[in-house]
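S.K.:
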Amino acid sequence: MDYILNFFSGDFGLALLRFVVCMFVNWVIIDRLYYKKSRRRDFYFTFMLISVAIFFLVYFMMGMDRGKATMGVGLGLFGIFSIMRYRTDTMPVREMTYLFIIICLSVVHAMVDVESTPDVLADFLKLGIIDVIVLVAISMCERRLKILSNKLIQYDRPELCKPENKEKLIADLEERTGLKIIKVEVGGIDFLKDSVVLRVTYDSKPNEVDNQFTVRKSQWRNV
Numbered sequence: 001m002d003y004i005l006n007f008f009s010g011d012f013g014l015a016l017l018r019f020v021v022c023m024f025v026n027w028v029i030i031d032r033l034y035y036k037k038s039r040r041r042d043f044y045f046t047f048m049l050i051s052v053a054i055f056f057l058v059y060f061m062m063g064m065d066r067g068k069a070t071m072g073v074g075l076g077l078f079g080i081f082s083i084m085r086y087r088t089d090t091m092p093v094r095e096m097t098y099l100f101i102i103i104c105l106s107v108v109h110a111m112v113d114v115e116s117t118p119d120v121l122a123d124f125l126k127l128g129i130i131d132v133i134v135l136v137a138i139s140m141c142e143r144r145l146k147i148l149s150n151k152l153i154q155y156d157r158p159e160l161c162k163p164e165n166k167e168k169l170i171a172d173l174e175e176r177t178g179l180k181i182i183k184v185e186v187g188g189i190d191f192l193k194d195s196v197v198l199r200v201t202y203d204s205k206p207n208e209v210d211n212q213f214t215v216r217k218s219q220w221r222n223v
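Position one of the sequence shown corresponds to residue 1 (the UniProt record's numbering), numbered consecutively onward.
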């Protein structure tokens, strides 16, 4: 019994406490800031499990020199993921940003030095300040920045795609779709079928973030 108490009261016990703090902060970021707008369960699943894996991977990679190794250990993880290309489809910029934040926080919580008892509270205070700064920054960006989404529309009036008819094109699209159009880009045009593919950027509702089609540049030109 004493062995178990000593085991959890030592460095590993502090690591578990940091893990709990890390997971709570990441849960707030993912559930309250990201998922509240995106409603993407697939990325919710990915972010949470990557957070767990990265924390313990970094913790055990540090070994006995935990907290004293260079940041090369943490940065090397990003190289691993870039080589593995941990995704099947192109990840949107917003999701990539959240993934980067989750990985960074997991690395920071795993690498903090808590060797001496008098410094434990100071180390957790540092982590708390970092977590608060990150949460405030994300919250401000999510609340202040306008939410824009993209959609591909197959349009039946290619004559309105001329530059001089831009206002008429936007007005017609807004009337037929009910969306607040911000920008329209013209893709492939088929004059034989009188059709054109448009990529429309519009002001969306919070739960419509990332509700869009992803088209590569090479595909977009030939649509």
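For every residue, glycine included, the Cβ atom is placed at its ideal position computed from N, Cα and C.
(1) Give me the Cα-Cα distance between aspartate 203 and aspartate 119, rounded to the nearest whole angstrom.
(2) Taking just the CA atoms, how far does serine 149 sit from valine 132?
(3) At least one CB of chain B closer than 9 angstroms to the CB of isoleucine 54: is that the case?
(4) Mind listing, in chain order, the continuous beta strand (DSSP E) runs of no fewer than 3 residues lying wholly within the stretch 175-204?
(5) Just checking, does the stretch 94-114 make contact with the stretch 45-54 on the three C-beta pairs under 8 angstroms criterion?
(6) Among Asp156, Thr177 and Leu152, whose alpha-carbon lies nearest the alpha-carbon of glutamate 185?
(7) Hey, methionine 23 and phenylalanine 55: beta-carbon distance below 9 angstroms or not?
(8) So, for valine 20: in the same chain, excluding its five sequence neighbours on each side, which residues have a beta-carbon less than 7 angstroms away from its beta-carbon?
(9) Buried or exposed, going by whether 16 or more other CB atoms sit within 10 Å of the CB of alanine 171?
(10) Can you tell me whether isoleucine 129 is buried or exposed, with buried defined as 16 or more other CB within 10 angstroms of its CB?
(11) For lysine 151, which residues does DSSP report across the bridge?
M.R.: Straight from the coordinates:
(1) Locating residue 203 in the sequence shown gives position 203, counting from the first residue. Locating residue 119 in the sequence shown gives position 119, counting from the first residue. About 49 angstroms.
(2) Mapped onto the sequence shown, residue 132 falls at position 132. Mapped onto the sequence shown, residue 149 falls at position 149. Distance between the alpha carbons of valine 132 and serine 149 is about 29 angstroms.
(3) Of the chains in the structure shown, none is chain B; there is only one protein chain.
(4) 180-190 and 195-203
(5) yes
(6) Translated into positions along the sequence shown, residue 185 becomes position 185. Nearest C-alpha to glutamate 185: Leu152.
(7) On the sequence shown, residue 23 is found 23 positions in, with the first residue counted as 1. On the sequence shown, residue 55 is found 55 positions in, with the first residue counted as 1. For methionine 23 and phenylalanine 55, yes; Cβs fall inside 9 angstroms.
(8) Start at 1 with the first residue of the sequence shown, and residue 20 comes out as number 20. For valine 20, where only same-chain residues beyond five positions count, there are no Cβ hits under 7 angstroms.
(9) Translated into the one-based positions of the sequence shown, residue 171 becomes position 171. The residue is exposed, with fewer than 16 neighbouring Cβ atoms inside 10 Å.
(10) For this step, residue 129 is matched to residue 129 along the sequence shown. When all chains shown are included, isoleucine 129 counts as exposed.
(11) Here the question's residue 151 lines up with position 151 in the sequence shown. BP columns for lysine 151 point to Val200.
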